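Please read the structure below before turning to the comments.
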Amino acid sequence: MLTLKKKTALLLEEAVKGAFGEGLLSADEIFEMLEYPPDRSMGDIALPCFRLSKSLRKAPPMIASALAESLSCEEFSEINAMGGYLNFRISPTAFASRVVSDIRAAGDKYGSPMCGEGKCVVLDYSSPNVAKPFHIGHLGTTVIGHSLKLLHEFAGYKCVGINYLGDWGTQFGKLIVAYKKWGDKATIEAGGVDELVKLYVKINNAIKAEEEESLQGIPEAERAGKAKSALADESRAEFRKLEDGDEENLALWRNFVSVSLEEYEKTYKLLGISFDSYLGESFYTDKMPAQVEKLRNMGLLEIDDGASIVNLDKWNMPVCLILKRDGTTLYPTRDIAAAVYRHGEYNFDKAIYVTSAAQSLHFAQWFKVVELMGYDWYDKLVHVPYGTVSINGAKLATRTGNVILLRDLFDEAIKRVYEITKEKHPDERECTEIAEKVGVGAVIFYYLSNNRIRDINFVMEEALSFDGNTGPYVQYTYARTCSILEKAGCEGEMTDAPLTEVEFELAKTLSVFPERIKSALADYEPSTVTRYILDLAAAFNRFYHDCKIAACEDEKLRSSRLALTAATRQVLKTALGLICLQTPEKI
RNA sequence: CUGCCCGUAGCGUAGCUGGAUAACGCACAAGACUCCGACUCUUGAGAUCGUAGGUUCGAAUCCUAUCGGGCAGGCCA
Numbered sequence: 034m035l036t037l038k039k040k041t042a043l044l045l046e047e048a049v050k051g052a053f054g055e056g057l058l059s060a061d062e063i064f065e066m067l068e069y070p071p072d073r074s075m076g077d078i079a080l081p082c083f084r085l086s087k088s089l090r091k092a093p094p095m096i097a098s099a100l101a102e103s104l105s106c107e108e109f110s111e112i113n114a115m116g117g118y119l120n121f122r123i124s125p126t127a128f129a130s131r132v133v134s135d136i137r138a139a140g141d142k143y144g145s146p147m148c149g150e151g152k153c154v155v156l157d158y159s160s161p162n163v164a165k166p167f168h169i170g171h172l173g174t175t176v177i178g179h180s181l182k183l184l185h186e187f188a189g190y191k192c193v194g195i196n197y198l199g200d201w202g203t204q205f206g207k208l209i210v211a212y213k214k215w216g217d218k219a220t221i222e223a224g225g226v227d228e229l230v231k232l233y234v235k236i237n238n239a240i241k242a243e244e245e246e247s248l249q250g251i252p253e254a255e256r257a258g259k260a261k262s263a264l265a266d267e268s269r270a271e272f273r274k275l276e277d278g279d280e281e282n283l284a285l286w287r288n289f290v291s292v293s294l295e296e297y298e299k300t301y302k303l304l305g306i307s308f309d310s311y312l313g314e315s316f317y318t319d320k321m322p323a324q325v326e327k328l329r330n331m332g333l334l335e336i337d338d339g340a341s342i343v344n345l346d347k348w349n350m351p352v353c354l355i356l357k358r359d360g361t362t363l364y365p366t367r368d369i370a371a372a373v374y375r376h377g378e379y380n381f382d383k384a385i386y387v388t389s390a391a392q393s394l395h396f397a398q399w400f401k402v403v404e405l406m407g408y409d410w411y412d413k414l415v416h417v418p419y420g421t422v423s424i425n426g427a428k429l430a431t432r433t434g435n436v437i438l439l440r441d442l443f444d445e446a447i448k449r450v451y452e453i454t455k456e457k458h459p460d461e462r463e464c465t466e467i468a469e470k471v472g473v474g475a476v477i478f479y480y481l482s483n484n485r486i487r488d489i490n491f492v493m494e495e496a497l498s499f500d501g502n503t504g505p506y507v508q509y510t511y512a513r514t515c516s517i518l519e520k521a522g523c524e525g526e527m528t529d530a531p532l533t534e535v536e537f538e539l540a541k542t543l544s545v546f547p548e549r550i551k552s553a554l555a556d557y558e559p560s561t562v563t564r565y566i567l568d569l570a571a572a573f574n575r576f577y578h579d580c581k582i583a584a585c586e587d588e589k590l591r592s593s594r595l596a597l598t599a600a601t602r603q604v605l606k607t608a609l610g611l612i613c614l615q616t617p618e619k620i
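Numbering-wise (this note's numbering), the first sequence opens with residue 34 and increments by one.
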């Protein structure tokens, strides 16, 4: 499979040799220089010659015209020099046939760079905290992470998706105390994670109240570290018991985890997501001491104000805390231990962490510590950050209730689509199925439309809008391709029937898919795929509007148009799949 | 105070390894369906690319400074 750019680059390599002699530019270098003109009237592909003018000591327009003269090829219907540019025009019919036959030959592998054969990627994403609500703050890591997994699988990597559950820590001591005080088995069983959240909120409020009471009469300035709470002490004690393997507490803990997970699974199922590993923080508790020991033996650990730290001054970063003053571990300690374990387990070629950009420094720090520890795979760790989410302009906050649970968000989206769909589909089950795919798709598409690093202000009305560049728009376009092909009863073949501008534009858009996939992978950027889908949907809808397809009277032209439609359906299906969107054939 | 990220039409954004007339959607204005699915398509109006310097044949893109917003910065995760 030779893309247009590659083929052009090879031709140009010969032309450059012919006009200016050997060894000046390789095909690869030319490939990098090629670009798409901003306007169709200029040509379909272009080589800017400005950079060549220095080494050749000739004016760019002269280089362009010299190259134009020494080039000839049937692939291009026209080659001409314009200013400093060498512009190529492709013959639409031949080009479209080649694109369509490439797509047909590759099938659902069309667009795959196949660069991951025999390599393994570990992706850490979603990772909710047990017994806390699963809200839109988790949408980013979940959806970006899974899309990156799909992209890597598409490229041939063996992928391991890890849901690094927040299933350990003093919050479980609190939860155990709360449960013993106010909770009971039946309520939790019936109410699920919501009941756990209630208990958690209740005990936190109670602790806060006790602490405030204990501070009465102490001047503002002297309050630091003086807050006292019996419940907090009790919580620490219960957590200690849990760490020491107390059977009763362990049983409670297991129950909290499984109740929470059960709830999360519902959302994952809706998103079509599953994980290969659910090993959470608790799994690594016994793997940290070895790493701490290694740090100490290597002389990397310093004691500062009682705590054990790694000094990162040389790299212009604040110190990385490894052990607290009381000797207990911290977030970076666990991350290091987990990375070491995972490398041993999977021997990954890349380990990707999808988290909020707020954690960028944390990752930079512990990545550096891993490097200092002499692990030669330190450069295989990749942090993929994304912007923070706010709701209607305000920060997310569980306490003030400014949260949208993912579950509620999807329910709302599904409900709205259902209302619209039911008029067309009397069958209720079918309608529900469509509403799920389109409703959830709308939210995901909205989220994955922008560069991940941008902060996002979540406005329900916008996320659930179905007009313009939205999920329903592209899914509808996909359904339309299916419907046309089904009515026609065949998928057509490319013929020598002359094609018009819109058909040619569609073929060009189809041809560019592999390049877009490559850049999505290189940048860890699912939105590149989202944008491509919009380009393709727009190109197809223009074509659809201008041309009769199944109803075309000219047999040859009909066949070509059906083939283009089939190719579009194929690429849309692949691309939508890569950003976690379903592809219903009817809407 | 220090570091990282973001400033592009009224709004939400793309373009950022420098390249030709800055692209898309929403909203606004005008138009197109006895037609393969109208959740469609066409056209118009709307931008001194935060600001000021610099590098270059050429800057939204690179460098410096500056303003505005977000985030982070030793015992939370």
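For each residue, glycine too, the CB sits at the ideal point set by N, CA and C.
Predicted, not measured: the structure shown is a model, and the values here were computed from it.
The alpha helix (DSSP H) runs lying completely inside the stretch 427-467 and spanning 4 residues or more are 439-454, given in chain order. Nearest to F381 by C-alpha distance, out of A371, L275, A430, is A371. Sequence-distant Cβ neighbours of E271 in its own chain, meaning closer than 7 Å and more than five residues away, are G206, I209, V210, N282.
Take the alpha-carbon of F537 and the one of C585: they are about 17 Å apart.
Inclusion of M350 and K401 in the CB contact set at 8 Å is warranted, their separation being smaller than that value.
Rounded to whole angstroms, the gap between the alpha carbons of K87 and S482 is 41 Å.
Rounded to whole angstroms, the separation of the alpha carbons of S315 and A583 is 59 Å. By the criterion of at least three beta-carbon pairs nearer than 8 Å, the stretch 452-468 is not in contact with the stretch 182-200. Spanning the alpha carbons of A223 and G199 requires a straight line of approximately 23 Å.
The Cβ atoms of G202 and V292 do not sit closer than 8 Å to each other. Within the DSSP bridge table, the entry for S74 names no partner. Beta bridge pairing from DSSP links P418 with T388.
Under the three-state reduction of DSSP output, N380 falls in the coil class, being neither helix nor strand.
When the five nearest sequence neighbours on each side are left out, the beta carbons in the same chain lying within less than 6 Å of the beta carbon of A596 are those of V133, G525, E526, M527, in order along the chain. Classified as buried, A600 has 16 or more neighbouring CB atoms from the shown chains inside 10 Å of its CB. Positions of the alpha helix (DSSP H) runs, each at least 4 residues long and wholly inside the stretch 311-388, are given as 321-330, 364-379 in order along the chain. Each residue's CA atom was taken as its position, placing Y364 and Q392 some 11 Å apart. CA-to-CA, the gap between Q603 and I136 works out to about 8 Å. With respect to the C-alpha of F64, the residue from K38, F53, A48 having the closest C-alpha is K38. F205: member of the alpha helix (DSSP H) spanning 203-215, first to last residue. In the DSSP assignment, Y118 falls within the unbroken beta strand (DSSP E) covering 118-123. The beta-carbon separation of T300 and L429, rounded to 17 Å, does not stay under the 8 Å limit for a contact.
Here I251 is exposed: its Cβ has fewer than 16 other Cβ atoms, across all protein chains shown, within 10 Å.
Taking a contact as a CB-CB distance under 8 Å, the pair A97 and L119 counts as one, their CB atoms being some 4 Å apart. Around the beta carbon of N196, 16 or more other beta carbons sit within 10 angstroms, so the residue counts as buried. Taking each of V290, G144, E461 in turn and checking the Cα distance to V545, the smallest one comes out for G144. Straight-line measurement puts the Cα of E588 at about 49 Å from the Cα of G194. Of all C-beta pairs linking the stretch 570-577 to the stretch 97-109, fewer than three are shorter than 8 Å, placing the two stretches out of contact. If you compare the alpha carbons of V471, R594, K191 with that of L156, the shortest gap goes to K191. Where V154 is concerned, the enclosing beta strand (DSSP E) starts and stops at 153-157. For the pair of segments examined, the stretch 469-486 was found to touch the stretch 548-562: the number of CB pairs separated by less than 8 Å reaches three. According to the DSSP assignment, E495 belongs to the alpha helix (DSSP H) that extends over 493-496. In the three-state scheme derived from DSSP, where H, G and I count as helix and E and B as strand, P531 is classed as coil.
In this structure, the beta-carbon distance from I78 to T41 falls below 8 Å. In this structure, DSSP gives L198 a state outside helix and strand, which the three-state scheme calls coil. The three-state secondary structure of P505, taken from DSSP, is helix.
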